[in-house]
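So the sequence shown is numbered by my numbering: it starts at 892 and just counts up by one.
Step one of this worksheet: look at the structure below.
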Amino acid sequence: MSRHTELAGWNPLDWSLTTGVIPYLVLAVGWAALLGLAYSRSRHWWSRRLPCAVVLAAALTVLLRFVVDDWWVPFPEGLPRASLIWIGVAVLGLCLAAFRLPPLRWRGRAVAVLAAALVVLMASSQINRQFDEYPTLRVLLAPWIGKTDALTTGQVPAVHVPEGKTLSEVWQAPAGLPAKGTVSTTPIPGVRSGFNTSDAYVYLPPAYQANPRPLLPVLVMLTGQPGTSADWVGTGQLPEQMDAFAAAHGGLAPIVLMIAQNGSSEWGNSLCMNSRIAQAQTYLAQDVPDWAHTHLQTATGRKSTLIGGLSQGGTCSLQLAVNAPEVYGTFLDISGQEEPTLGSRSDTVQKAFGGDEAAFDAVDPLQVMARKRFPDTAAAFVVGDGDGEYGPQQQKVYRAALAAGMQAHFQTVPGGHDWNTFRAGLGVNLPWLAQQTGMIR
């Protein structure tokens, strides 16, 4: 439900694009358009043009898969099979329209182009349903219609919490406290690392506006790959989840920094380590926490500094927790991988460390946990119950965390490797995260 309106059910911007009537209507219209493009009374169409269109579509789809998975490699795990099938359907619609156009007049051409567009829309809708990337039109249009708030700056007197008490036990929400938190954008420069990335999003809960101000923990949330710092704001619905938590706890919730850990391009992969690619670990372990504690009024120390993420961002949170345990005492790994990767271990080691396996092993989380113990680190691992690829990897990492002495728990939630899982993974662990910081009992 959008934080921008109380009447979401009546606002078309908040109608679901992944459940209910709309995706099935798009599916029905798309198949009808595809069948319309495929049918003709012409014998020449059936004997020549249709077979050529089908063969061309198949060839282009195979070529696309080769370019994406074997040459470009923007996704370490490759294109999912279901996505590739729907991409093939979209390409088929375009090819059918292209072979229909030459003998048609302008009206017929317009109809063919419209039909092809409907097929592409259908395929896009089905891929969106697979990942739940854009649950509503509001999320889809967020880059153009979304609004952010000015970042609250300055220092005020702080709420004192006696030893042995939690923040919620001494906190009294003042009258007039805002019902919702603020979301702002700000650059976080790589002062020590030289790392360049897009602006971060900062969520400040309602209690941050109070005077005296409670010193709140800082949660660094990372996106997936590909991904942007805005993902948790729109698709992830993090502000809504934090607002709901704050409403149940007198305005208290963690401060959240949403970071693009892979740089200014959503297709990049920094591996979240210091390597030939980037000094990403220094950025995430030093520059980001230093900025938070300098520019915001926060609780400090490893107990009050947490990190989490989804997919590749979940892997990053694990990496930071074991390679910078003095900074992050708690982490949330949602659907992460067993190790950082650019597609294969050999490619990863070559591109990041010039082929130096020992350098990679020195920071590989499984290898680090095999060498060291982390009795003061709290860990949560979450995966979708239908995620056959990342589920076993999460189980492996969870067992390694337990063996390394971490206070770890493992959860499954309904879903696959998609935003349903990512949102739920954060939501079910919010109380646990708050407990780790001493915010609530």
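Note that beta-carbon positions come from the ideal geometry of N, C-alpha and C, so glycine has one too.
By the Cβ test, the region 1107–1124 is not in contact with the region 969–985, since fewer than three Cβ pairs between them sit closer than 8 angstroms.
Taking C-alpha positions only, Leu1321 is separated from Ser1226 by approximately 16 angstroms. Straight-line measurement puts the Cα of Gly1234 at about 7 angstroms from the Cα of Val964. Judged by DSSP in its simplified three-state form, Asp1224 adopts strand. The continuous stretches of beta strand (DSSP E) do not include Gly1316, which lies in the alpha helix (DSSP H) extending over residues Trp1310 to Gln1327. Counting only runs that start and end inside the region 1020–1095, the alpha helix (DSSP H) elements of at least 4 residues fall at 1028–1031, 1033–1036 and 1058–1061.
About 7 angstroms separates the beta carbons of Asp1276 and Val1304, which is inside the 8 angstroms limit, making them a contact pair.
The beta-carbon separation of Leu1201 and Tyr1219, rounded to 17 angstroms, does not stay under the 8 angstroms limit for a contact. Looking at the DSSP output, Ser907 sits in a beta bridge with Thr1027.
In the same chain as Val982, and ignoring 5 residues on each side of it, the C-beta atoms closer than 7 angstroms to its own belong to Ala948, Leu951 and Thr952, in chain order.
Excluding the 5 residues flanking it on each side, Gly1205 has same chain C-beta neighbours closer than 7 angstroms at Asp1224, Ile1225, Ser1226 and Gly1227, in chain order.
Of all alpha-carbon atoms in Asp1278, Asp1247, Gly1192 and Gly1279, the one lying nearest the alpha-carbon of Gln1327 is that of Gly1192. Counting along the chain, Gly1205 sits inside the alpha helix (DSSP H) bounded by residues Gln1203 to Asn1214.
Beta-bridge annotation (DSSP): Ala1269 is paired with Thr1221 and Gln1298. Under the DSSP assignment, Ile978 falls outside any beta strand (DSSP E), being part of the alpha helix (DSSP H) whose first and last residues are Arg972 to Arg991. A buried status is given to Cys1207, since no fewer than 16 other beta-carbon atoms sit within 10 Å of its beta-carbon.
The shortest CA-to-CA distance from Arg1236 to any of Arg1290, Leu1162 and His1140 is the one to Leu1162.
Taking every protein chain shown into account, the CB of Cys943 has fewer than 16 other CB atoms within 10 angstroms, so this residue is exposed. Around the CB of Val1109, 16 or more other CB atoms lie within 10 Å, so the residue is classed as buried. Excluding the 5 residues flanking it on each side, Lys1287 has same chain C-beta neighbours closer than 8 angstroms at Glu1229 and Leu1257, in chain order. Out of Gly1329, Ala1325 and Gln1302, the CA that lies nearest to the CA of Gly1316 is found in Gln1302. The shortest CA-to-CA distance from Ala924 to any of Leu1005, Tyr1281, Trp901 and Pro994 is the one to Leu1005.
Excluding its 5 nearest sequence neighbours in each direction, Arg956 has C-beta neighbours in its own chain below 7 angstroms: Leu970 and Leu975, listed in chain order. The distance from the Cβ of Leu1175 to that of Met1149 is about 13 angstroms, inconsistent with a contact at the 8 angstroms cut-off. For Ile1018, the three-state secondary structure derived from DSSP is helix. Between Ala1270 and Phe1222, the CB-CB gap stays under 7 angstroms.
In the structure shown, Ile1198 adopts extended strand secondary structure according to DSSP, grouped into three states. Nearest neighbour of Ser1120 by Cα position, chosen from Ala1064, Ala1098 and Thr1076, turns out to be Thr1076.
Three or more beta-carbon pairs separated by less than 8 angstroms link the region 1134–1144 to the region 1092–1107, which places the two stretches in contact.
Residue environment: Ala1066 is assigned as exposed (fewer than 16 neighbouring CB atoms within 10 Å of its CB, all protein chains considered).
Here the alpha carbons of Leu904 and Ala1033 stand approximately 10 angstroms from one another.
Between Val1254 and Asn1214, the gap from beta carbon to beta carbon is short of 7 angstroms. One thing to note: Ser1084 has its Cβ no nearer than 7 angstroms to the Cβ of Thr1189. Only exposed fits Gly1279, as fewer than 16 other CB atoms lie within 10 angstroms of its CB.
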